[in-house]
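Trainee: First to last, the protein sequences are chains A and B. Numbering-wise (our numbering), the first sequence opens with residue 1 and increments by one. Numbering-wise (our numbering), the second sequence opens with residue 1001 and increments by one. Cβ coordinates follow ideal geometry from the N, Cα and C atoms, glycine included.
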Amino acid sequence: ETGVTQSPTHLIKTRGQQVTLRCSSQSGHNTVSWYQQALGQGPQFIFQYYREEENGRGNFPPRFSGLQFPNYSSELNVNALELDDSALYLCASSRGQGNVGDTQYFGPGTRLTVL
Amino acid sequence: AQKVTQAQTEISVVEKEDVTLDCVYETRDTTYYLFWYKQPPSGELVFLIRRNSFDEQNEISGRYSWNFQKSTSSFNFTITASQVVDSAVYFCALSEAGRGGSYIPTFGRGTSLIVHP
Chain A
1 ETGVTQSPTH LIKTRGQQVT LRCSSQSGHN TVSWYQQALG QGPQFIFQYY REEENGRGNF
61 PPRFSGLQFP NYSSELNVNA LELDDSALYL CASSRGQGNV GDTQYFGPGT RLTVL
Chain B
1001 AQKVTQAQTE ISVVEKEDVT LDCVYETRDT TYYLFWYKQP PSGELVFLIR RNSFDEQNEI
1061 SGRYSWNFQK STSSFNFTIT ASQVVDSAVY FCALSEAGRG GSYIPTFGRG TSLIVHP
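This is how it looks when you write it as structure tokens:
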């Protein structure tokens, strides 16, 4: 048990819609990262937040956005959904400032299907 | 640009066999970290080990051991006397500092380990 929870577990949307995924980190974990994991692939880094500000971003378009709240919860928002957005979305939290070498603790993920 | 290669897509063994999962990485940084994670069917990535680029000591934790060799840019993972519960997908990951020191991780494609009773 990592203490990181995500909701919902599964979600089905249609192309063009918007979606919000939620994550609750461990108390004291000030950094949260989001990953996209397509079927049969490794996780791909989307972005990272430290104390409610984005401090790192992977190669994802601006329609992927996030929010982090003071109560250790966070959201991943995806606008204008495309079929290729179908994937497992993982949230991970860490104690540090999101620096290289921090150990991340992952949630179970949200499986998003875009039809 | 950083890259992680896990050439073994799937490995199938019988319980009690030893198995080694390979990981080869590419980076231009001198300071970087390497990780191994286990992903059981439930989907949650479980942290196994972290190693920084300045520490080439091998590590053993119970039935698990890791061999880090900078000369070959490899960070291999061995499970001794495998058990059915070891069945999972295993990911190797590399992180190097991005701009401002933020964490930019790259994962390999994973190796699916199947341990038969």
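Looking at residue 1115 (chain B): is its Cβ nearer than 9 Å to the Cβ of residue 1014 (chain B)?
Mentor: Going by C-beta atoms, residue 1115 (chain B) is nearer than 9 Å to residue 1014 (chain B).
Trainee: Could you check whether the Cβ of residue 65 (chain A) sits closer than 9 Å to any Cβ belonging to chain B?
Mentor: no
Trainee: What is the DSSP secondary structure of residue 83 (chain A), counted as helix, strand or coil?
Mentor: helix
Trainee: Determine the DSSP secondary structure at residue 78 (chain A), reduced to helix, strand or coil.
Mentor: strand
Trainee: How about residue 90 (chain A): is its C-beta nearer than 9 Å to some C-beta of chain B?
Mentor: yes
Trainee: Is any beta-carbon of chain A found at less than 9 Å from that of residue 1117 (chain B)?
Mentor: no
Trainee: Where do the ends of the beta strand (DSSP E) carrying residue 1038 (chain B) lie?
Mentor: 1032-1039
Trainee: Kindly indicate which three-state DSSP category residue 1085 (chain B) falls into: helix, strand or coil?
Mentor: helix
Trainee: Buried or exposed, going by whether 16 or more other CB atoms sit within 10 Å of the CB of residue 43 (chain A)?
Mentor: Residue 43 (chain A) is classed as buried because its beta carbon has at least 16 other beta carbons within 10 Å across all chains shown.
Trainee: Answer yes if the segment 104-113 of chain A comes into contact with the segment 1012-1029 of chain B, meaning at least three C-beta pairs across the two stretches below 8 Å, and no otherwise.
Mentor: no
Trainee: Quick one: what's residue 48 (chain A) bridged to in DSSP?
Mentor: A:33 and A:56
Trainee: If distances are taken between C-alpha atoms only, which option among B:1029, B:1077 and B:1110 comes closest to residue 1065 (chain B)?
Mentor: B:1077
Trainee: Identify the contact partners of residue 1105 (chain B) in chain A, using a Cβ-Cβ distance below 7 Å as the criterion.
Mentor: 45
Trainee: In terms of alpha-carbon separation, which member of A:3, A:47 and A:83 lies closest to residue 75 (chain A)?
Mentor: A:47
Trainee: Could you name the residues of chain B that residue 103 (chain A) contacts, counting a contact when the two beta carbons are closer than 9 Å?
Mentor: 1035, 1047 and 1050, listed in chain order.
Trainee: As a quick exercise: from A:89, A:81, A:83 and A:31, pick the residue whose alpha carbon is nearest that of residue 70 (chain A).
Mentor: In terms of CA proximity to residue 70 (chain A), A:31 leads the group A:89, A:81, A:83 and A:31.
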